[in-house]
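First the structure, in the form of structure tokens, and then the observations on it.
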Amino acid sequence: MTIRDMTAADLERVLEINEANVPEVGPADMDRLRFLVEESAFSLVVDVDGVVAGFCVVLAKGSSYDSVNYLWFMERYDDVLYLDRVAFDAAAQGQGLGSALYREVDRRLAEQALGLTLEVNVDPPNEPSLAFHRKHGYIEVGRQMSKGIEVSLMHKPAQ
1146 MTIRDMTAAD
1156 LERVLEINEA
1166 NVPEVGPADM
1176 DRLRFLVEES
1186 AFSLVVDVDG
1196 VVAGFCVVLA
1206 KGSSYDSVNY
1216 LWFMERYDDV
1226 LYLDRVAFDA
1236 AAQGQGLGSA
1246 LYREVDRRLA
1256 EQALGLTLEV
1266 NVDPPNEPSL
1276 AFHRKHGYIE
1286 VGRQMSKGIE
1296 VSLMHKPAQ
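Counted the way the numbering used here counts, the sequence shown spans residues 1146 to 1304.
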């Protein structure tokens, strides 16, 4: 298993994984995905034996991204990045790949003394994600409606 920066060659597979995980992550088409990756502070993939098994896209303050959740965090925090989306192929879940990916994200954040913000669905519920994020040090700092879905707005301070 390797965690590496996402490349253009990964985008089709990343889009497949993204769409298989809607509504836990927002839907995207190829143009939207390219936009997010271009706007990102960094985008990573988890590569297992040459196959992308998961990914994340992390945005910095100052992006032209129009997500109400991103904007909520950027209005309130200066020292954070925003995890827009993270998803894994169903066959790759439960193998510790998510924890490994978050360790790499944490390492990159620590280099810049930054925290991380994200949201998790609470209605419809995404209990596994809420439990995962709490276990990894994220705390709820608010809730809001986003495109008809209630989300928990979560923050992990700089480490």
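Every residue, glycine too, gets a C-beta built ideally from N, C-alpha and C.
None of these values were measured; they are calculated from a predicted model.
Contacting residues, own chain, Cβ-Cβ under 8 Å from residue i (five flanking each side not counted)
| i | result |
| --- | --- |
| Pro1269 | Pro1168 and Ile1294 |
| Gly1199 | Ile1162, Val1190, Val1191, Val1231, Ala1232, Phe1233, Asp1234, Ala1237, Leu1242, Gly1243 and Leu1246 |
| Leu1259 | Asp1224, Val1225, Leu1226 and Ala1303 |
| Leu1254 | Leu1226, Gly1260, Leu1261, Ala1303 and Gln1304 |
| Arg1179 | Leu1156 |
Endpoints, beta strand (DSSP E) assigned at residue i
| i | result |
| --- | --- |
| His1300 | Ile1294 to Lys1301 |
| Thr1152 | Per DSSP, Thr1152 belongs to no beta strand (DSSP E) and is neither H nor E. |
Contacts around residue i, its chain only, beta-carbon distance under 6 Å, and the 5 residues preceding and following it disregarded
| i | result |
| --- | --- |
| Asn1214 | Glu1264 and Ser1291 |
| Gly1207 | none |
| Ala1205 | Ala1186 and Leu1226 |
| His1281 | Tyr1247 |
| Ser1209 | none |
| Asp1211 | none |
| Met1219 | Lys1206 |
Per-residue DSSP class, three states only, for residue i
| i | result |
| --- | --- |
| Pro1270 | strand |
| Asp1174 | coil |
Cβ-Cβ separation, residue j to residue i (assumed contact under 8 Å), whole Å
| i | j | result |
| --- | --- | --- |
| Ser1188 | Val1203 | 7 Å |
| Val1193 | Met1151 | No, Val1193 and Met1151 are not in contact; Cβ-Cβ is about 15 Å, not under 8 Å. |
| Val1159 | Val1197 | 6 Å |
| Arg1164 | Pro1172 | One point to set straight first is that residue 1164 is Glu, not Arg, in the sequence displayed. Between Pro1172 and Glu1164 the Cβ distance is about 7 Å, and since that is below 8 Å, they are a contact. |
| Leu1275 | Lys1301 | Not confirmed; about 14 Å, so no contact. |
| Leu1228 | Cys1201 | 6 Å |
Where the alpha helix (DSSP H) through residue i begins and ends
| i | result |
| --- | --- |
| Arg1286 | For the record, residue 1286 in the displayed sequence is Val; it is not Arg. Careful: Val1286 lies outside any alpha helix (DSSP H), inside the beta strand (DSSP E) at Ile1284 to Ser1291. |
| Ala1165 | Leu1156 to Ala1165 |
Same chain, Cβ closer than 7 Å to residue i, neighbours up to 5 away in sequence not counted
| i | result |
| --- | --- |
| Val1296 | Asn1214, Glu1264, Val1265, Asn1266, Val1267, Arg1288 and Gln1289 |
| Ile1284 | Met1299 and His1300 |
| Ile1148 | Leu1189, Val1191, Ala1245, Leu1246 and Glu1249 |
Ignoring anything shorter than 4 residues or poking outside the stretch 1189-1268, list the alpha helix (DSSP H) runs there in chain order. 1213-1221 and 1242-1257
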